[in-house]
Amino acid sequence: MSSDAQDPLPLTPSHFLIGEPLTAIPDVLFVDENPGRLFRWRLIQQSVQHFWKKWSLEYLHEIQQRGKWFTNRGNPVREGMIVVVCDDNLPPLQWRLARVHHLHPGSDGITRVVTLQIGKTYLKRPVNKICPLPIE
Numbered sequence: 001m002s003s004d005a006q007d008p009l010p011l012t013p014s015h016f017l018i019g020e021p022l023t024a025i026p027d028v029l030f031v032d033e034n035p036g037r038l039f040r041w042r043l044i045q046q047s048v049q050h051f052w053k054k055w056s057l058e059y060l061h062e063i064q065q066r067g068k069w070f071t072n073r074g075n076p077v078r079e080g081m082i083v084v085v086c087d088d089n090l091p092p093l094q095w096r097l098a099r100v101h102h103l104h105p106g107s108d109g110i111t112r113v114v115t116l117q118i119g120k121t122y123l124k125r126p127v128n129k130i131c132p133l134p135i136e
């Protein structure tokens, strides 16, 4: 938590469940009317879509590496890591997961290209087009 009022609020479980902090005042009064199955299914689908939209817009862009190419920040990518493959032709919700199979360091020792394994397929991608997931 930061004391700066301009910092964004951290994501909490309540953001995923109700879309706002638990301390927020509800807009309307809900009456428990035992909703039908279709209404409940739509409500669950909306919640899932809201989660993925928030995750793709906020979290994926946060973990994407955006450094200067000439700055050596170490190599954040290692063999065996799970990464999200950024694709300019797809929306972020359709980006695929892959495992880093092999690193291809340049003559200066900096890795700019990796071989990824997606299922049984292997493909080469630049490091700036993948997002390492902080699983550890």
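What the sequence shown shows, in the UniProt record's numbering, is residues 1 to 136, in sequence order. From the three backbone atoms N, C-alpha and C, an ideal C-beta is built for every residue, glycine too. Since this is a predicted model, take the numbers as computed values, not measurements.
Are there three or more Cβ pairs, one per stretch, closer than 8 Å when the segment 93 to 102 is compared with the segment 75 to 85? yes
Find out if the Cβ-Cβ distance for the pair residue 41, residue 93 is shorter than 8 Å. Residue numbering aside, residue 41 sits at position 41 when the sequence shown is read from its first letter. Residue numbering aside, residue 93 sits at position 93 when the sequence shown is read from its first letter. Contact flag unset, no.
Spatial neighbours of residue 95 within its chain, please: C-beta separation below 7 Å, excluding the five flanking residues on both sides. Here the question's residue 95 lines up with position 95 in the sequence shown. Cβ neighbours of residue 95 beyond the five flanking positions: 84, 85, 86 and 87.
Selected residue, minimal CA-CA separation from residue 119, among 91, 98 and 134: Working through the sequence shown from its first residue, we reach residue 119 at position 119. For the residues 91, 98 and 134, the minimum Cα distance to residue 119 belongs to 98.
Can you give the Cα-Cα distance for residue 131 and residue 114, rounded to whole angstroms? Position 131 of the sequence shown, counted from the first residue, corresponds to residue 131. Position 114 of the sequence shown, counted from the first residue, corresponds to residue 114. Cα-Cα distance, rounded: 12 Å.
First and last residue of the alpha helix (DSSP H) that includes residue 84? To locate residue 84, count along the sequence shown from 1; it is residue 84. Not the alpha helix (DSSP H): residue 84 falls in the beta strand (DSSP E), residues 82 to 85.
With 16 as the cutoff for other CB atoms within 10 Å, does residue 48 come out buried or exposed? Residue mapping note: residue 48 aligns to position 48 of the sequence shown, counting from 1. In summary, residue 48 is exposed, with fewer than 16 beta-carbon neighbours lying within 10 Å of its beta-carbon over all protein chains present.
How would you label residue 43, buried or exposed, when you count the other beta carbons within 10 angstroms and need 16 or more for buried? Reading the sequence shown from its first residue, position 43 is the one you call residue 43. By the C-beta density criterion, residue 43 is exposed, having fewer than 16 other C-beta atoms within 10 angstroms.
Can you give the Cα-Cα distance for residue 109 and residue 45, rounded to whole angstroms? Locating residue 109 in the sequence shown gives position 109, counting from the first residue. Locating residue 45 in the sequence shown gives position 45, counting from the first residue. The straight-line gap from Cα to Cα measures roughly 47 Å.
Using only the alpha-carbon positions, how far apart do residue 125 and residue 12 sit? In the sequence shown, counting from the first residue as 1, residue 125 sits at position 125. In the sequence shown, counting from the first residue as 1, residue 12 sits at position 12. About 33 Å.
Taking just the CA atoms, how far does residue 50 sit from residue 38? The residue given as residue 38 occupies position 38 in the sequence shown. The residue given as residue 50 occupies position 50 in the sequence shown. So the two alpha carbons sit approximately 18 Å from each other.
In whole angstroms, give me the CA-to-CA distance for residue 135 and residue 62. Numbered from its first residue, the sequence shown carries residue 135 at position 135. Numbered from its first residue, the sequence shown carries residue 62 at position 62. Counting only the Cα atoms, residue 62 lies some 15 Å from residue 135.
May I have the straight-line CA-CA distance separating residue 112 from residue 123, to the nearest angstrom? As a first step, residue 112 must be located in the sequence shown, where it is residue number 112. As a first step, residue 123 must be located in the sequence shown, where it is residue number 123. C-alpha of residue 112 to C-alpha of residue 123: approximately 14 Å in a straight line.
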